[in-house]
Amino acid sequence: MIEVRELSKSFGQFKALDKVNINVNKSSVYGLLGPNGAGKTTLIKHLAGVYRQDTGTITIDGQPVYENPAVKSFLVYIPDDLYFFSQYSIEETARFYASLYPTWDWERYRLLQPVFSIEPQRRITRLSKGMQKQVAFWLGICATPRVMILDEPVDGLDPVMRKKVWNLVLQDVAEHETTVLVSSHNLRELEDICDHVGILHNGTILVEKDLDDLKTDVHKLQVAFAGEVPPDLLQTGTVLHREQNGSIVLLIVKGDKDRLLSEVQRANPVILDVLPLTLEEIFIYELGGIGYDIQSVLI
Amino acid sequence: MNWGESAMTFKVSLFNKGLVISDLKRFWWVSALYGLFLILILPFHHMVQEMPANNSWGKEMLQRTLDIFSVGQSGLQAILICTVPVILAVLVFRYLHSRRATAVMHSLPFNRYTLFCSHSAAGLLLLLLPVMVTGLVLMGLNVTTHLKEYYSLWHILRWMGLTALFDTLLFSITVFVGMFTGSTVAHIAFTYILQVLPTGFLVLLDENLRNLLYGYASINNPGNLRHDFPVMMLAGYPGNDYFTTATVAAYLLVAALFLAAAAYVYKLRHAEAAGEVVAFAIMRPVFKYGVTACAMLLAGAYFAGVSRGSFSIIVFGYILGSLLGYVTAEILLQKSLRVWSAYRGYLGYVAVITVLLLGITTDATGYVHRVPEPENVNKVYFGTNIGEWMRLEKLNNTIDQNAEYMGGNFFEDRNNIRNILLLHRQLLQSPLTENGIDYYIVYTLDNGDYLARRYSIDEKRYASLLKPVYESLEYKQARFPVVTQDPANIKLIEIGDDRTPKRPVVLADSAEIREFAARLKQDVLHATFEELTANWEENVHINIVDVNEKPVHYNLRDSYRSVISWLKDKGYYESIMLLPEEIEYATLERPTVSEGYKTGPASPASKRVEIRERRLIEELLSVSGPDEFTNAGKIITVTFYGRTIAGSFQFKRSIHRDWPASASLREYMKQLD
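Protein chains in written order, with my numbering: chain A, 229 to 527; chain B, 9 to 681.
See below:
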C-alpha cells in the first residue's frame, strides 16, 4: 500500500534521509522505530505529502502523494505537533474535515463522542495538548481513511486513553482494512500493536521485519544437563547467542521450534525450558552489533 | 449535504469553500475594523462636518477627502492602504511561516494552487468588501442628502476604484514577498523594504560614488522608479492626470502578475522553508550580500557626510557597515548568534569590494579624466538642475521657447562647447571642492551617448573661463527669454519696486510693450559676466506676462541703463522707484540672534545708530562688496525709514563691515561696538 523507494532528502548540508526503502502492506500496522533525530518525522512528512523528496519515489496505492489530492483524500496524518484553526470548535473543525474527506462519517462522529467525552462546542486550541490529541484521533477516525499516518501518536495520552485509542485504530484496521503507519522511539510501545517494524537510524533503514515471523522463528531455550554439555547439541537452526554457566546452557536459536526441541530432547537434558522473548531481545540478537548500538537509543 | 458521495472520485478545484470560510471566520475583524475606519473618515465625517458658507470651499474640502493622494485628512487613508492589505496578506498566508501549520495544511487533500487561490480570494474579499460597503454608503448618502451638492457619483466611483486598485496591488505584492520567506516578521519587513529598495539603493550608490569619484554624476533618475512601487507613490503625489485607463490597466496587470508569480513560487517552495528567513537556498546569498552591501553603502554615505569626504573615514565606514550587515544577515539566516564560522564569506566579500574600490579610486576605467573631443560633442548641458536636463533630454519634452530659466542651458554653438570643454579640463587639473555651486556638465555625443559630470564651481575662481559662455547669445537666450520673445505675444509688463509702497506700473499698450521689450533685450545682451554674477538685491522686479498668462520674472539691475533711461523718459521712474530723497533716516544695528548665527557677542538688545545725513543714506543704499555672510559678527542690518505720497515705509538690507565705505560711515559703524 505504501511504498518508498530510494528516498533521499537533505536540509541544506544535513542529510536527513539517505536512500530509504520501506514497504507497508495493505491492512497492516507498521511501526517506524528510531531514536530522536533519526529522521522519522521527515520520512512521515514525505508520506503525508508535505515534503518534496530530493530523489526517490513515494507511492500510496500506486500513486505519488506529493501534490496529489486524490491520494490525500483517503489519507489521514496526525502529526506530533498538532495544528487546528484558531477560533474553531470541534464541531466546526469536523464540518471543515467533512467537506474535505469524501469518506467522512457523521454517524461515527456522534458514536465516538461518548468515548472521548469532550464537548463538541469547545474551541480546540483552548484544550490541553492531550485533549487536542484525542480530538485529532476522533476526527481522524471519522474520516474513515484507508491510510493513517501517525507520528508519535500516543504521546501525552494517559494509559486508559492510549488503550482506547489503539482499540479504535485496530478495530478500523480489522473492519475497514485500514493501513496504519505509526512512529515511536519506544519499542515496547509498539510491540503489541504492530505486525511489521522498520528501524530508522541516522537517516537509513537498518532493518525491516515481520514481527510474527520474528517471534515464531527465534527461540530462547534454557537447557540443563546432569553431566557434560554435549558439544553437538543442535544440528539445525542458527545459534544467535549462546551462554554457558556450568552445566546450564542458554540458547537463542533461529529455526523451526518443534524440530529444535526434538533435537535437544535427544541429548537428554535435565531441564528444558522455552523462555519468552521480548521484541527487544529479538532485535538485539538478530541484529548483532547494530542491535547493541540501537538498543541504547531505542529503549 | 451528501457526505457519502462516491469516495472514488475526487474533484480538484482552485477554490475550496472550507478554506475560504476558515479565513473569513478567523480574520473578519480586520475587515470590520477597516470598514469602520473608512466609514468614520468618509461618510460619517462628511455628514457631521460643518460646511463653510462658501460652497466651492466646501466642495474642495470634501472632494479632497475622496482623493487618496491628497495630504491632510486622507493621509489616514494612505496609511490604511499601506497597512491593511499587508496585514491581511500576512494573516491568510501565515500558515506558511509555522512548521506545525504548514505540515497540517499541506497534508490535507489540496494541492498548492487550491491553497493559494482560496487564501488569496479570501484575503481580497476581506480587503475589498469594506471599500465596497463604504462606497455604497457614500452613494446612498449622495443620492439622498445634501452631499450631492459637494461631490458626484463619479468622485465616489473614482475613490472606490483607486482604493481597490492600490489595496489589490499592495496585497498581491505582499503575497508575492511572503512566498520567499518563512518568517512572519521577515515577511512584513521585506514587503516594506522592497518598496523603498530600488530607489534607496540607487540613491545610496550615487551618494557613495560621488564621494569616491571626482565629478561623478548620475543621469539615472530614481524619481521614475518611484511610481513602480505603491508605497513610494503614496508618499508623493503622482498628479491627477496620472491615472488614465491605460495606467489603471497596467497596474491591474501588474497585480495579477504578482499573484501569478507568487502561485508559481509557492509551487516551487519547499514546505520545510517554514521558519527560515529566506525560503529558497539560492536566494540566501543574495539576501546576505544584499544586506551587507546596503549596510556598507549606508555607513559609507553617513561617514562621508560626517567627515566631509575623508577617504580613510569612508573606508572605515565601509568596513564597519559591511561587517555589521554581514553578521546580522548570518545571524538571521543561521538563527544563531554563533556565526563566526561564516567568516570566509565575509573575506570573499571584502576581497571583491577591495578590488572594486581600488578600481574606482585608481580610476581604472578613466572615468574621472574622460573629456570628449570637441568635434564629437553635439551639444552640452551646463547648469545646476539635472532634473531639467532629464525632462528635456531623457523624457523628450519639447523645449518651450519661452520657458522660464531653470538654472541650466543646452549649448550647441561650437565656441561655447569649446569653452565648456576648457572649463572641464581646468576643473580636472585643480580638483578642489570649495565653496561653490554644484554644476552639471552633460555632453550629448554624436554617437548618441551621454557623458555627465558634476562639479562644484566657484564662479569667481573660474571667471575667465565662464565669461565667454555667460556673455554668449545662447546663454542669454536661455536665461532671459525676452531675447527671443516676440513682443506681439506679450500681454502686459509689470514693473515695481518692492521697497516702497508705491504701486507698480503695468504696461499694456502694445507700442510701449514693444519699446520696453526691445530695450530690455538690448540691456540683457550687453550685460557682462561681472554684471550677471554680481550680488544683486532683488529690489525692482519686472514681470512679463505673455498671452497665455504665463509670467516670466526679471530683475531690474542697475546696469540696465537703457531700460532705466526709458522709464525716466516716460515718467514712470519716479512714480514706481524708491528715490533716495524719500528716505528720512536710516538706522544701523547688529543683527539679533535669530537673524544670524550666534558667533559673536551679539546681545539681544543691541545698540542702534541713527543716520540722517543724505550723503550717507545714499551710500548705505548702494554700498556693496563680496557676499560673505558667514561671519555674523561683521554683519550690520540697515533699516531705512521714509515717506512717499503713497504712505510711510521701512525696509531692511544687510551690509558687511569689510565692504568699502567712506570714513564717516565707518565712524557710525564703530559706534555699534
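Using N, Cα and C, we set each Cβ at its ideal position, and we do this for glycine too.
Taking 8 Å as the cut-off, the Cβ atoms of B/Val299 and B/Ala337 count as close. Contact between B/Leu155 and B/Leu161 does not hold, since the beta-carbon distance rounds to 11 Å and is not under 8 Å. The residue among B/His534, B/Lys529, B/Lys296 with its C-alpha nearest the C-alpha of B/Ile550 is B/Lys529. Cβ contact annotation for B/Asp446 (same chain, cutoff 7 Å, sequence separation greater than five): Thr392, Arg462, Ser464, in chain order. Within the stretch 264-295 of chain B, the residues whose Cβ lies closer than 9 Å to some Cβ of chain A are Lys275, His278, Ala279, Glu280, Ala289, listed in chain order. For B/Ser39, there are no C-beta contacts with chain A under 9 Å, since the nearest C-beta of that chain is about 15 Å from it. One alpha carbon belongs to B/Leu46, the other to B/Glu546, and they sit about 49 Å apart. For A/Met376, the enclosing beta strand (DSSP E) begins and ends at 375-379. Against chain A, the CB of B/Gly26 has a partner CB under 8 Å away; the residue lies at that interface.
Around the CB of B/Met168, 16 or more other CB atoms lie within 10 Å, so the residue is classed as buried. The three-state secondary structure of B/Thr373, taken from DSSP, is coil. Spatial neighbours of A/Pro458 in its own chain (CB-CB distance under 8 Å, excluding positions within 5 residues in sequence) are listed in chain order as Ala495.
Contact of B/Ala111 with chain A is assigned, a C-beta pair being separated by under 8 Å. Cβ atoms of A/Val410 and A/Pro373 stay farther apart than 8 Å, at about 14 Å. A direct Cα-to-Cα measurement between B/Asp506 and B/Val548 gives close to 6 Å. DSSP places A/Ser356 outside both helix and strand once states are collapsed to three, so it counts as coil. Secondary structure at A/Ser256: coil, using DSSP grouped into helix, strand and coil. Taking the C-beta atoms as reference points, A/Phe365 is found nearer than 8 Å to A/Leu396.
For B/His534, the enclosing alpha helix (DSSP H) stretches over residues 518-534.
With fewer than 16 neighbouring CB atoms inside 10 Å of its own CB, A/Gly474 falls in the exposed class. Interface annotation, B/Arg378: not in contact with chain A, CB-CB separation never under 8 Å.
In the three-state scheme derived from DSSP, where H, G and I count as helix and E and B as strand, A/Pro458 is classed as coil.
For B/Ala109 and A/Leu449, the gap between their C-alpha atoms comes out near 52 Å.
The beta carbon of B/Leu533 lies closer than 8 Å to those of Leu481, Lys484, Val491 in the same chain, with the five residues before and after it left out. Contact between B/Leu104 and B/Gly26 is absent: CB atoms are separated by about 18 Å, not below the 8 Å threshold.
A/Pro504 and A/Leu310 have their C-alpha atoms spaced approximately 38 Å apart. For the options A/Leu245, A/Asn251, A/Ala244, the alpha carbon positioned closest to that of A/Val232 is the one of A/Asn251. If you check each beta-carbon in the stretch 275-287 of chain A against every beta-carbon of chain B, the ones closer than 7 Å belong to Ala276, Gly277, Val278, Tyr279, Arg280.
Here the C-alpha atom of B/Gly308 lies approximately 55 Å from the C-alpha atom of B/Lys510.
Per DSSP, B/Phe390 is one residue of the beta strand (DSSP E) stretching across 385-391. Nearest in C-alpha terms to B/Tyr222, of all of B/Pro599, B/Leu436, B/Asp577, is B/Leu436.
By the beta-carbon neighbour count (other beta carbons within 10 angstroms, threshold 16), A/Lys437 is buried. Annotated three-state conformation of B/Lys510 is coil, per DSSP. B/Phe188 and B/Phe288 have their C-alpha atoms roughly 7 Å apart.
With the rule of 3 Cβ pairs closer than 8 Å, the stretch 535-542 of chain B counts as touching the stretch 470-481 of chain B.
A/Ser356 is outside the set of residues whose beta carbon lies under 8 Å from a beta carbon in chain B.
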